[in-house]
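Reviewing the structure listed below.
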Amino acid sequence: MILHSYAKVNLYLAVLARRKDGFHNLTTLFERINLADTIILKRRTDNRITITCRNKAVPLDASNLCYKSARLLREKCHVKEGLGIEIIKRIPVGAGLGGGSSNAAAVLVGLNTLWELGLTKKKLASFAAMIGSDVPFFVHDTPFAKAEGRGEKIRALGALDRVRLWHILVVPGIHVSTPSIYKAWDMRKIRRKRRLTTAVPDVTITASALRRGDFPGSGLLFNNLEPVTIELYPEVGIIKEKLLSSGAQDAVMSGSGSAVFGIAGSRQEASRIKARLSDEGGSWRTFVVRTI
Ligand code: C5P
């Protein structure tokens with residue numbers, strides 16, 4: 134079974150309070166983009182779960198999110214079969230693009246068919262939340278969704294079904310650890326407690342602008358993890374500035390970074406901006422991507 138596993142960006146990400154369980158409540162606006170890995174699922178005659186992937190940054194052991202998905206479904210649904218999972222990686226790792234989460238969701242959805250489990254989307258989404266905060270979004274099969282809680286409470290934005298955005302996506306050669314950014318966010322918050330914090334804009338403003346077709350526009354993208362990651366990795370801030378000075382209508386970091394994406398009005402405009410950027414630092418990977 135061959136599956137496409139798309140990446141995401143966060144058009145809006147407001148991290149709120151730290152919870153007792155260590156996670157943070159947040160509000161986010163996910164967009165699925167047409168940068169994808171391929172996942173190949175093969176039945177095995179023994180009862181092992183194996184992972185193969187040529188990208189050295191992807192773990193091949195039980196810490197791999199695809200492995201966790203397969204093991205969880207096997208336990209919950211009393212399946213005895215083994216499984217071979219091959220991952221063909223195109224989504225940069227440690228970049229805030231949700232690659233691992235998307236792969237995990239693809240395995241859940243794929244195995245529901247391959248193993249004829251008959252699980253509802255709701256059930257699959259509840260299993261997805263056990264694997265990771267971003268996994269339920271990918272199970273929902275929607276281009277845009279608002280998420281709350283720790284990211285697992287998804288509301289598909291059906292009104293945006295026909296909206297298609299063009300982006301220039303820039304990924305520096307920096308592998309960002311999500312927990313370390315959340316930790317730094319906590320520290321920063323403690324440091325600044327007595328100072329006035331900047332107001333968090335409302336996610337509905339961004340969503341309504343999209344619905345009305347007012348996108349691209351500036352000031353609608355938001356991510357309050359961005360200053361935290363930039364403090365640790367100034368290159369992320371340089372990319373954002375370069376995107377804006379090269380003609381992007383707006384630009385923001387995705388998730389906890391390190392990827393930054395800009396908004397363009399068309400594929401041609403995105404390509405022009407990408408061409409201007411390609412002349413810069415040698416370790417950046419740049420892509421023109423759109424909503425899917
Ligand atoms: O859920 P996931 O495994 O993707 O989360 C990775 C890490 O990111 C968590 O262990 C936690 O440190 C941080 N996180 C968080 N609050 C969220 C999502 C992630 O603190 N809502």
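Counting the sequence shown from 1 gives a position; the numbering used here is that position plus 133.
Here a beta-carbon is modelled for each residue, glycine too, at the ideal position from N, C-alpha and C.
Remember, it's a predicted structure, so these values are computed and weren't measured experimentally.
- Here the stretch 403-423 makes contact with the stretch 292-307; the two share three or more CB pairs at distances below 8 Å.
- For a cut-off of 8 Å, the C-beta gap from S202 to I264 is around 6 Å, short enough to register as a contact.
- A straight line joining the alpha-carbon of P276 with that of R165 spans about 5 Å.
- Separation of Q382 and N357 (C-alpha to C-alpha, rounded to the nearest whole angstrom) is 19 Å.
- Out of S313, R325, V242, G346, the CA that lies nearest to the CA of A292 is found in G346.
- Taken through DSSP and simplified to helix, strand or coil, E208 comes out as helix.
- Taking non-hydrogen atoms of the ligand C5P into account, the C-beta of T246 is found less than 6 Å away from none of them.
- Under DSSP, the beta-bridge partners assigned to G217 are K175, T183.
- Runs of the alpha helix (DSSP H) lying entirely within the stretch 251-329 and spanning at least 4 residues, in chain order: 254-264, 268-272, 311-324.
- In this structure, R405 sits away from N167, with a CB-CB distance that is not shorter than 7 Å.
- With fewer than 16 other Cβ atoms from the protein chains shown falling within 10 Å of its own Cβ, G155 counts as exposed.
- Here the alpha carbon of A289 sits roughly 16 Å from the alpha carbon of A262.
- Residues of the same chain with a CB within less than 6 Å of the CB of L193, apart from the 5 flanking positions on each side, are I184 in chain order.
- Scanning its chain for C-beta atoms nearer than 6 Å, with the 5 sequence neighbours on each side dropped, one finds around I224 the residues A140, L168, D170, L230, G232, in chain order.
- Residue burial annotation: S234 is buried, with at least 16 other C-beta atoms found within 10 angstroms of its C-beta.
- Judged by their CB atoms, V191 and W248 are not nearer to each other than the 7 Å cut-off.
- One Cα belongs to V272, the other to V242, and the distance between them is close to 7 Å.
- Take the alpha-carbon of G284 and the one of K407: they are about 31 Å apart.
- For I135, the CB contacts under 7 Å within the same chain, skipping 5 residues up- and downstream, are T171, I173 in chain order.
- Taking 7 Å as the cut-off, the Cβ atoms of S399 and W299 count as close.
- Setting aside the 5 residues that flank it on each side, A239 is surrounded in the same chain by L136, S138, I172, each with a C-beta closer than 6 Å to its C-beta; the list follows chain order.
- For the set V421, I425, A147, the Cα lying nearest the Cα of K279 is the one of A147.
- Nearest C-alpha to Y145 among Q401, A384, S266: A384.
- When the beta-carbon positions are compared, S389 and V268 stay at least 7 Å from each other.
- Less than 7 Å separates the beta-carbon of N236 from that of C199.
- The Cβ-Cβ distance between G227 and R177 does not fall below 7 Å.
- Separation of N188 and P360 (C-alpha to C-alpha, rounded to the nearest whole angstrom) is 29 Å.
- Of E402, F260, S391, the smallest CA-CA separation from G380 is found for E402.
- Separation of V142 and R409 (C-alpha to C-alpha, rounded to the nearest whole angstrom) is 22 Å.
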